[in-house]
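Asks: Got a structure for you, written out below as structure tokens; questions coming shortly.
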Amino acid sequence: MDDVASQSIMIGILAAGIRLATPFLLAALGEMFVQRSGVYNLGVEGVMLMGAFLGFFVTLTAGNPYMGLLTSLAIGAVMGLLMGLVSVTLKAEQGISGIGLYMLGWGLSGLFYRLYVGGITGIEGLQPQPIPLLEKIPVLGPVLFQHNIIVYLAFLLVPLAWVVLFKTSWGLKVRAVGTTPEAADTLGVSVDKVRYQCLILGSMLAGLAGAALTVGNTHMFADNITAGRGFIAIALVYFGRWNPWGILAGSLLFSMADSFQLFVQVLGIQFPYELAVIMPYVVTIIALAVTFGRVWAPAALGRPYERGSRG
Amino acid sequence: MQWKKHKTWLIQTGILAGALAGALLVGALFLVLAKSDPLTAYGVLFSGPFSSQFGFTETLVRATPLLLVGLGIIISFRSGIINIGGEGQILMGAVAAAAVALALPGVPALIALPLVFLSGALAGAFWGGIAGWLKARLQVNEILSTVMLNQIAAQIYLFLIRGFLIDPQEVAYGTGVPQTALLPDGLWLERLIPGSRLHTGFLLAVALAVVVYIFLWKTPIGFRLRAVGAGPEASRYAGISVSLYTVLAMALAGGMAGMAGAVEVAGLHHRALEDISAGYGFSGIVAALFGRLHPIGAIPASILMGALILGADMMQRAVNVPAAIVIAIQGLIILFVVSSDILLRKPEYLNRLKKRFFPMKGGAQSNG
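Residue numbers (this note's numbering), protein chains in the order written: chain A, 39 to 349; chain B, 30 to 397.
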């Protein structure tokens, strides 16, 4: 293989890796806020599926991908509200209620897909918007600056999430509510309100993550198109130690592995397809196993807050 | 004492019925969105499974794997571990059972069949045990690891039934459907009612429910498992090895799911084929929760969920509502059941509800 060809393959792998990181980044940054506030939302996969379907469907019928993105944000907000009702107000066991939310999103997206779309249909979707001048830089240009708008948005969200979490008073409240809800409550912070806010924000980002997959990337919808990416996003929150930069590193490690795996298949290297597909999941388990044990987690994570009974 | 026991039982059943009704009510909303008449659709959903012998036996056919998976879920949840890995454990059990059955041609069923079930259960136990070990040793969250293991199992399963274990006839005819050869018919489980698909696997599942009940409540190991679930810290102080019981709980849960896979192979399909599980790993969670995490309660709960799944299939044919709606309804059932838990944990909520709906009885305080 000559140098030009191998260089273009490398650029292809890296650019695809950046694109594939987008849904992970969006969903994991959202879930980071949720977990920082002390709630464990396992329903991310279900929210992503709903966002993926509705984003696709509205783009298909309205012909405008931005309408699709807005719809995916809206359905995310609704599902976040539902999760808040169940896990914050009614104080249900979060690990299990998340599975309920997942099955709800899985079933509904499948139901409406079969009813209103039926078969394989493509959409125009989002097109790449190269950034002038920057796109001309050799290697870096095609890798970083020839993507669609959600890809840029997802990467810009990383520093933004860091600022919001560590440099704003709302971020302080979120962290307080997730570590010492009793103290936050005493200081007049409404634990429930902050948790609702985080659940709604986090689920909106999960909905957008789903749309990034259908409207942004594949331009189609299929049953269970998320294929466990929502759960991987949750794992990435652990891997990234509840920090946006850690999540960025995890998402990239992961999506680059995924991209490499795809190229191995495309280039026709002899390797069983099924074993290539399991690579990302094996990487997740190994990443969890390697980083766990030495990890700090929000102290109140998964614990519904109940005020001590007043006399 | 006796009355009090009945009363809690009645309240629990009432709350569960309310949760089911709530889930169905929200489900009706989706049916309207799906441009279908909810009354007609629910009519088929509920009368279908119970209006004919076919409906009734098919309900039990679907209840069988649900009950087995559900029993495993109960063991794990009672031990404080959330097992989302039923799906992968079923597949591992199914493919191991099929492989062993096909490797033993001519061996009398009396010897071969126990080996088939044992290998299914062991394969499931191994797959569940990985998640248990990862949690006990490396503190890997079991919910995340079991989900990943599901995806991995699905690919390994396909890899095997497309490759090494594919039916030689599929290769010979060039059709290439990914499935194993048929099991020797000596290993097919007996049909309970001629002309139906109901097989002895159902009786096995019910018997195992009793065994799991005795195990969890009448044996020392079962007691320790539940103790670990009730309070790992306290158990550690009491000298119970929490990590050992974590691995054990996951292995037992996986073993039950693996058994479900083996029973589907030997009892129903007589081979390992694609889509053998049909979401039973998740529906088993619903059955377990609906049975209030009690092995005996899981029996009627599984039958109810089996009816729901069969009813959804019938609905799809009769009124053209995609069967996917039953997954959404099961999700709603989970949400309603876990939300209604607050009524059990906090009796004052229940009293408030009682006062609102039955102001005459009990507390005679007026609201002013």
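Note that the Cβ used here is the ideal one computed from N, Cα and C, for glycine as well.
Contact criterion: CB-CB distance below 8 Å. Does B:Leu187 meet it with respect to chain A?
Replies: Translated into positions along the second sequence, residue 187 of chain B becomes position 158. Yes, its Cβ sits closer than 8 Å to a Cβ of chain A.
Asks: Does the beta carbon of B:Val276 sit closer than 8 Å to a beta carbon anywhere in chain D?
Replies: No chain D is part of this structure, whose protein chains are labelled A and B.
Asks: Quick one: Cα of B:Glu262 to Cα of B:Ser272, how far?
Replies: One-based indexing of the second sequence puts residue 262 of chain B at position 233. One-based indexing of the second sequence puts residue 272 of chain B at position 243. Each residue's alpha carbon lies about 12 Å from the other.
Asks: Answer with buried or exposed for B:Asp196, where buried requires no fewer than 16 other C-beta atoms within 10 angstroms of its C-beta.
Replies: The residue given as residue 196 of chain B occupies position 167 in the second sequence. B:Asp196 should be labelled buried.
Asks: Could you pull the start and end residues of the alpha helix (DSSP H) that A:Leu239 belongs to?
Replies: By 1-based counting over the first sequence, the position of residue 239 of chain A is 201. Element bounds for A:Leu239: Val229 to Ala249.
Asks: Using CA atoms only, rank isn't needed, just tell me which of A:Gly209, A:Pro342, A:Asp296 and A:Trp283 is closest to A:Ala192.
Replies: The residue given as residue 192 of chain A occupies position 154 in the first sequence. Cα-wise, what sits closest to A:Ala192 is A:Trp283.
Asks: Chain B beta carbons: is any one of them nearer than 8 Å to that of A:Tyr140?
Replies: Position 102 of the first sequence, counting from 1, holds the residue named residue 140 of chain A. Yes - at least one Cβ of chain B is within 8 Å of the one on A:Tyr140.
Asks: Who does B:Thr209 pair with in a DSSP beta bridge?
Replies: As a first step, residue 209 of chain B is located in the second sequence; it is residue number 180 there, counting from the start. Looking at the DSSP assignment, B:Thr209 forms a beta bridge with B:Ile195.
Asks: Give the residues of chain A in contact with B:Asp370, contact being defined as C-beta atoms less than 9 Å apart.
Replies: As a position in the second sequence, residue 370 of chain B is number 341, starting the count at 1. Result: Leu128, Lys129, Ala130 and Glu131.
Asks: Taking all protein chains shown into account, do 16 or more other C-beta atoms lie within 10 angstroms of the C-beta of B:Leu142, making it buried, or fewer, making it exposed?
Replies: Counted from its first residue, the second sequence places residue 142 of chain B at position 113. With 16 or more other Cβ atoms within 10 Å, it is buried.
Asks: Looking only at its chain, what residues have a beta carbon closer than 6 Å to the beta carbon of B:Ile111, apart from the 5 residues adjacent to it on each side?
Replies: Position 82 of the second sequence, counted from the first residue, corresponds to residue 111 of chain B. The residues are Ile172.
Asks: Look at B:Val235 and B:Ile328 and say whether their C-beta atoms are less than 8 Å apart.
Replies: Within the second sequence, the letter at position 206 stands for residue 235 of chain B. Within the second sequence, the letter at position 299 stands for residue 328 of chain B. Contact flag set, yes.
Asks: Starting from B:Leu302, follow its DSSP beta bridges and name the residues at the other end.
Replies: Taking the first residue of the second sequence as position 1, residue 302 of chain B is located at position 273. B:Gln208, per the DSSP bridge assignment.
Asks: At what residues does the alpha helix (DSSP H) containing A:Arg152 begin and finish?
Replies: Reading the first sequence from its first residue, position 114 is the one you call residue 152 of chain A. It spans Gln132 to Tyr154 - the alpha helix (DSSP H) in which A:Arg152 sits, taken as one unbroken run.
Asks: Put B:Arg19 into one of helix, strand or coil per three-state DSSP.
Replies: Given that chain B is displayed from residue 30 to residue 397, the structure contains no residue 19 of chain B and the question cannot be resolved.
Asks: Can you tell me the Cα-Cα spacing of A:Gly50 and A:Asp296, whole angstroms?
Replies: By one-based count along the first sequence, residue 50 of chain A stands at place 12. By one-based count along the first sequence, residue 296 of chain A stands at place 258. A:Gly50 and A:Asp296: Cα-Cα distance of roughly 13 Å.
Asks: Keeping to the same chain, check which residues put their C-beta closer than 6 Å to that of A:Ala337; ignore five residues upstream and five downstream.
Replies: Here residue 337 of chain A refers to the residue found at position 299 of the first sequence. Excluding residues within five positions, the ones whose Cβ falls inside 6 Å are Thr217.
Asks: Taking the alpha carbon of B:Val292 as the reference point, which residue from B:Ala150, B:Phe319, B:Arg265 and B:Ile190 has its own alpha carbon closest?
Replies: Sequence index remark: in the second sequence, residue 292 of chain B carries index 263 (1-based). Considering only alpha carbons, the answer is B:Ala150.
Asks: Can you tell me the Cα-Cα spacing of B:Phe85 and B:Val355, whole angstroms?
Replies: Taking the second sequence and counting its residues from 1, one reaches residue 85 of chain B at position 56. Taking the second sequence and counting its residues from 1, one reaches residue 355 of chain B at position 326. Their Cα atoms are separated by approximately 18 Å.
Asks: DSSP beta-bridge partners for B:His35?
Replies: For the purposes of this step, residue 35 of chain B is identified with residue 6 of the second sequence, where counting begins at 1. DSSP, once it has assigned bridges, lists no residue as partnering B:His35.
Asks: Leaving out five residues before and five after B:Gly61 in sequence, what residues of the same chain have Cβ atoms less than 7 Å from its Cβ?
Replies: Here residue 61 of chain B corresponds to residue number 32 of the second sequence, with the count starting at 1. Residue identity check: residue 61 of chain B is Val in the sequence provided, not Gly. Cβ within range, chain order: Pro67.
Asks: What are the start and end residues of the alpha helix (DSSP H) that includes A:Trp334?
Replies: Numbered from 1 along the first sequence, position 296 holds the residue referred to as residue 334 of chain A. Run containing A:Trp334: none; DSSP gives neither H nor E here.
Asks: If distances are taken between C-alpha atoms only, which option among A:Val96, A:Gly101 and A:Val124 comes closest to A:Leu111?
Replies: Taking the first sequence and counting its residues from 1, one reaches residue 111 of chain A at position 73. With distances taken between Cα atoms, A:Leu111 lies closest to A:Val96.
Asks: Any idea if A:Met48 is buried or exposed, counting beta-carbon neighbours within 10 angstroms, 16 or more meaning buried?
Replies: The residue given as residue 48 of chain A occupies position 10 in the first sequence. With fewer than 16 Cβ atoms within 10 Å of its Cβ, A:Met48 is classed as exposed.
Asks: My guess is that A:Met86 and A:Ala65 are in contact by the Cβ rule of under 8 Å, so how many angstroms apart are they, rounded?
Replies: Position 48 of the first sequence, counted from the start, is the residue given in the question as residue 86 of chain A. Position 27 of the first sequence, counted from the start, is the residue given in the question as residue 65 of chain A. With 8 Å as the limit, A:Met86 and A:Ala65 qualify as a contact, their Cβ atoms being about 6 Å apart.
Asks: Whose C-beta lies closer than 7 Å to the C-beta of A:Thr109 among residues of the same chain, with five residues either side of it excluded?
Replies: In the first sequence, counting from the first residue as 1, residue 109 of chain A sits at position 71. So the list reads Leu92, Gly93 and Val96, once near-sequence residues are dropped.
Asks: Less than 8 Å separating the beta-carbons of B:Pro279 and B:Ala160?
Replies: Along the second sequence, one-based indexing puts residue 279 of chain B at 250. Along the second sequence, one-based indexing puts residue 160 of chain B at 131. Note that residue 279 of chain B is Met in the sequence shown, not Pro. Yes; because the gap between Cβ atoms is below 8 Å, this pair is in contact.
Asks: Flag A:Leu149 as yes if its beta-carbon sits less than 8 Å from any beta-carbon of chain B, otherwise no.
Replies: As a working mapping, residue 149 of chain A is identified with position 111 in the first sequence. Yes, A:Leu149 counts as interfacial toward chain B.
Asks: Between B:Asp214, B:Ile113, B:Phe311 and B:Ala259, which lies nearest to B:Val294 when the distance is taken from Cα to Cα?
Replies: Looking up residue 294 of chain B in the second sequence gives position 265. Closest option to B:Val294, Cα to Cα, is B:Asp214.
Asks: For B:Lys247, count neighbouring C-beta atoms within 10 Å of its own C-beta (all shown protein chains included) and say buried if the count is 16 or more, exposed if not.
Replies: By one-based count along the second sequence, residue 247 of chain B stands at place 218. Exposed, because fewer than 16 other Cβ atoms sit within 10 Å of the Cβ of B:Lys247.
Asks: Using 8 Å as the threshold, is the C-beta distance between B:Phe79 and B:Ala357 below it?
Replies: Along the second sequence, one-based indexing puts residue 79 of chain B at 50. Along the second sequence, one-based indexing puts residue 357 of chain B at 328. Cβ distance not < 8 Å, so B:Phe79 and B:Ala357 don't count as in contact.
Asks: Just to confirm the assignment, what range does the alpha helix (DSSP H) spanning A:Leu52 have?
Replies: The residue labelled residue 52 of chain A in the question sits at position 14 within the first sequence. Where A:Leu52 is concerned, the enclosing alpha helix (DSSP H) stretches over Asp41 to Arg74.
Asks: Please tell me whether B:Gly115 and B:Tyr309 are closer than 8 Å, where the distance is taken between their beta carbons.
Replies: If you number the second sequence from 1, residue 115 of chain B lands on position 86. If you number the second sequence from 1, residue 309 of chain B lands on position 280. Yes, they are a contact pair.
Asks: Just the C-alpha distance for B:Ala132 and B:Leu139, rounded to the nearest angstrom, thanks.
Replies: As a position in the second sequence, residue 132 of chain B is number 103, starting the count at 1. As a position in the second sequence, residue 139 of chain B is number 110, starting the count at 1. Whole-angstrom Cα-Cα distance: 15 Å.
Asks: Taking only runs of the beta strand (DSSP E) that begin and end inside the region 145-183 of chain B, which ones reach a length of at least 3 residues, in chain order?
Replies: As far as the region 145-183 of chain B is concerned, it has no whole beta strand (DSSP E) run of at least 3 residues.
Asks: Would you say B:Gly360 reaches chain A, if we count a Cβ-Cβ gap shorter than 8 Å as a contact?
Replies: Here residue 360 of chain B refers to the residue found at position 331 when the second sequence is read from its first residue. Yes, contact with chain A.
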